[in-house]
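Residue numbers (our numbering): 34 to 304. The beta-carbon is built from N, C-alpha and C at its ideal position, and this holds for glycine as well. Quick caveat: nothing in here was measured; it's all calculated off a predicted structure. To keep things clear, I will list the structure first and then write my remarks on it.
Structure representation (structure tokens):
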């Protein structure tokens, strides 16, 4: 039986701080507020979806403290280490601190990867300030998730681009890159990167599996060209619930083998 892995979850539960932009973003794309579940309620949701593992992603805004967010993620992973996989983050504005925070997150906290949103930290992905952190990530052999497509309302999309990501794919060919949301409206640009670069993958969270947009995605093309490059993602609490995301994959007009790859086999090899 295929292990199901939700490769894109944010650990925002009842009792933890929630950014006001989460509700705005969820209403813009899903006509509803972000989900409000306790940790126990979220685990029950994973059970309903038959999700075996969930990748917990923390995010940071420009000049916010990074270490406490990474430590909080590690604490959650410690509660259910067989169920949760934790990713840390870094702020390239800190420059000298970015590399040490990556090393601390992976080597000391035991986290399994790194996530960054260019629009949040207001630094392009191919900015030289990011490169020392990428060098450390590549050295450690863990994956890095890059947000792609628009981010929170009122943030500037100029900070991300497929061209910037291609620079990174070429400059760090041994670094495993996961492009979150498959670029959203720019999914064909991301498809080009998936085809051309062996170290580039994408998750399907938030936008590609949204019922409004699912028909815009060329699923037969993806199955023919990059079947081993795509990962399941829900983007809880702002996108779909894990059970909605799993159901969306199962409803696709693609082969059962491709569904199994998306639902967990690809992520199991990558993480």
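Inter-residue CB distance, residue i and residue j (contact presumed, cutoff 8 Å)
| i | j | result |
| --- | --- | --- |
| residue 234 | residue 262 | 5 Å |
| residue 178 | residue 213 | 5 Å |
| residue 132 | residue 121 | Actually they are not in contact, since the Cβ atoms of residue 132 and residue 121 sit about 12 Å apart, beyond 8 Å. |
| residue 144 | residue 174 | Contact doesn't hold; Cβ gap of about 13 Å is too wide. |
| residue 186 | residue 54 | 6 Å |
| residue 254 | residue 295 | Not really, about 14 Å apart at Cβ, beyond 8 Å. |
| residue 65 | residue 125 | Not a contact, Cβ separation roughly 33 Å. |
| residue 172 | residue 142 | That belief does not hold up - the Cβ atoms of residue 172 and residue 142 are roughly 17 Å apart, past 8 Å. |
| residue 252 | residue 285 | 6 Å |
Simplified DSSP state of residue i, which is helix, strand or coil
| i | result |
| --- | --- |
| residue 158 | coil |
| residue 92 | coil |
| residue 139 | helix |
| residue 110 | helix |
| residue 180 | strand |
| residue 211 | strand |
| residue 105 | helix |
| residue 46 | coil |
| residue 266 | coil |
| residue 233 | strand |
| residue 38 | strand |
| residue 280 | helix |
| residue 87 | strand |
| residue 153 | helix |
| residue 131 | helix |
| residue 66 | coil |
| residue 252 | helix |
| residue 272 | coil |
| residue 186 | coil |
| residue 257 | helix |
| residue 285 | coil |
| residue 303 | helix |
| residue 244 | coil |
| residue 98 | coil |
For residue i, the nearest candidate out of the options (CA to CA)
| i | options | result |
| --- | --- | --- |
| residue 168 | 108, 204, 143, 225 | 204 |
| residue 273 | 245, 226, 228 | 245 |
| residue 184 | 240, 223, 267 | 240 |
| residue 100 | 238, 127, 80 | 127 |
| residue 202 | 229, 220, 186 | 229 |
| residue 158 | 147, 94, 193 | 193 |
| residue 43 | 304, 54, 270 | 270 |
| residue 102 | 135, 278, 73 | 135 |
| residue 130 | 142, 140, 166 | 166 |
| residue 208 | 110, 35, 303, 41 | 303 |
| residue 41 | 154, 62, 180, 249 | 180 |
| residue 176 | 288, 149, 210 | 210 |
| residue 189 | 278, 62, 94 | 94 |
| residue 198 | 160, 172, 171 | 160 |
| residue 268 | 293, 140, 196, 90 | 90 |
| residue 1 | 219, 52, 70, 87 | With the chain represented from 34 up to 304, any question about residue 1 goes unanswered, as that position is not in the structure. |
| residue 76 | 301, 275, 162 | 275 |
| residue 216 | 85, 200, 237 | 237 |
| residue 259 | 287, 137, 138 | 287 |
| residue 82 | 291, 257, 281 | 281 |
| residue 222 | 243, 248, 195 | 195 |
| residue 74 | 256, 98, 45 | 45 |
Continuous alpha helix (DSSP H) stretch holding residue i: start and end
| i | result |
| --- | --- |
| residue 74 | 72-82 |
| residue 223 | 220-229 |
| residue 291 | 289-293 |
| residue 60 | 53-63 |
| residue 199 | 195-204 |
| residue 168 | 164-173 |
Heavy atom of the ligand SAM within 7 Å of residue i beta-carbon
| i | result |
| --- | --- |
| residue 109 | Absence of the ligand SAM is noted for the structure shown, with no ligands found whatsoever. |
Limits of the beta strand (DSSP E) - the one that residue i falls within
| i | result |
| --- | --- |
| residue 119 | 117-121 |
| residue 148 | 146-149 |
Test: residue i CB closer than 8 Å to a CB of chain C
| i | result |
| --- | --- |
| residue 217 | Of the protein chains in the structure, only one exists, and it is not chain C. |
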